[in-house]
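Residue 12 in numbering that gives the first Met the number 0 sits at position 13 of the sequence shown; the count goes up by one each step and never skips. Where a beta carbon is used, it is the ideal one built from N, C-alpha and C, also for glycine. Computed from a predicted model, the values in this text were never measured in an experiment.
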Amino acid sequence: MTIGTFVNRYQDKGITKVAGIEARGFLTGAPIAFQLGVGFIPIRKKGKLPSETVSEEYDLEYGKDVIEIHKDAVQSGDRILLMDDLIATGGTMIAAVKLLKKLGAQIYEAGVIIDLPDLGGSKKLQEELKVPVFAICEFEGH
Numbered sequence: 000m001t002i003g004t005f006v007n008r009y010q011d012k013g014i015t016k017v018a019g020i021e022a023r024g025f026l027t028g029a030p031i032a033f034q035l036g037v038g039f040i041p042i043r044k045k046g047k048l049p050s051e052t053v054s055e056e057y058d059l060e061y062g063k064d065v066i067e068i069h070k071d072a073v074q075s076g077d078r079i080l081l082m083d084d085l086i087a088t089g090g091t092m093i094a095a096v097k098l099l100k101k102l103g104a105q106i107y108e109a110g111v112i113i114d115l116p117d118l119g120g121s122k123k124l125q126e127e128l129k130v131p132v133f134a135i136c137e138f139e140g141h
């Protein structure tokens, strides 16, 4: 049902690729890409991909982390659906958007199963980076 909700939303929207953030973004992103008939881009933690990569550093609550994608995963003008399971503070999702834009992608929307709006991530994504966010459900008070 969850995958079907996303597929119905994004059919006929001109999505050229779906990107999923490690690791739970793979669980929704890959089957959505398959059903839409487009490629899937894994966004992974540093050092996990076998070919030449592009990276983006982002802040964690108590430090920093880095995510990467293959340098040739995106062509300029690709229309990307970015998927993850949850958005809280938005750090990883914001880094993923910046990473994809470095390679010339257009982010159509960020899709998540759960949004924790009180933590501000979806608001940052929409207001600062102009990326719409679609969540199947929201939980406030976290």
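Residue 133 holds the alpha-carbon nearest to the alpha-carbon of residue 9 among 138, 137, 133. Annotation for residue 65: no alpha helix (DSSP H) segment contains it, though the beta strand (DSSP E) segment containing it runs 62-69. The beta carbon of residue 112 sits closer than 8 angstroms to those of 1, 27, 84, 85, 134, 135, 136, all from its chain and outside the five residues before and after it, given in chain order. Note that the region 2-21 touches the region 38-45; at least 3 beta-carbon pairs, one per stretch, sit closer than 8 angstroms.
Take the alpha-carbon of residue 5 and the one of residue 110: they are about 8 angstroms apart. DSSP places residue 13 in the coil class of the three-state scheme, outside both helix and strand. Residue state for residue 53 is assigned as strand, using DSSP reduced to three classes. Secondary structure at residue 101: helix, using DSSP grouped into helix, strand and coil. Counting only residues of its own chain and dropping the five nearest sequence neighbours on each side, residue 128 has a CB closer than 7 angstroms to the CB of 93, 96. When the Cα atoms are used, residue 67 and residue 55 turn out to be separated by approximately 7 angstroms.
For residue 60, the closest of 98, 140, 130, 118 by C-alpha to C-alpha distance is 118. Secondary structure of residue 6 (DSSP, three-state): helix. For residue 118, there is no enclosing alpha helix (DSSP H), since its DSSP letter is neither H nor E.
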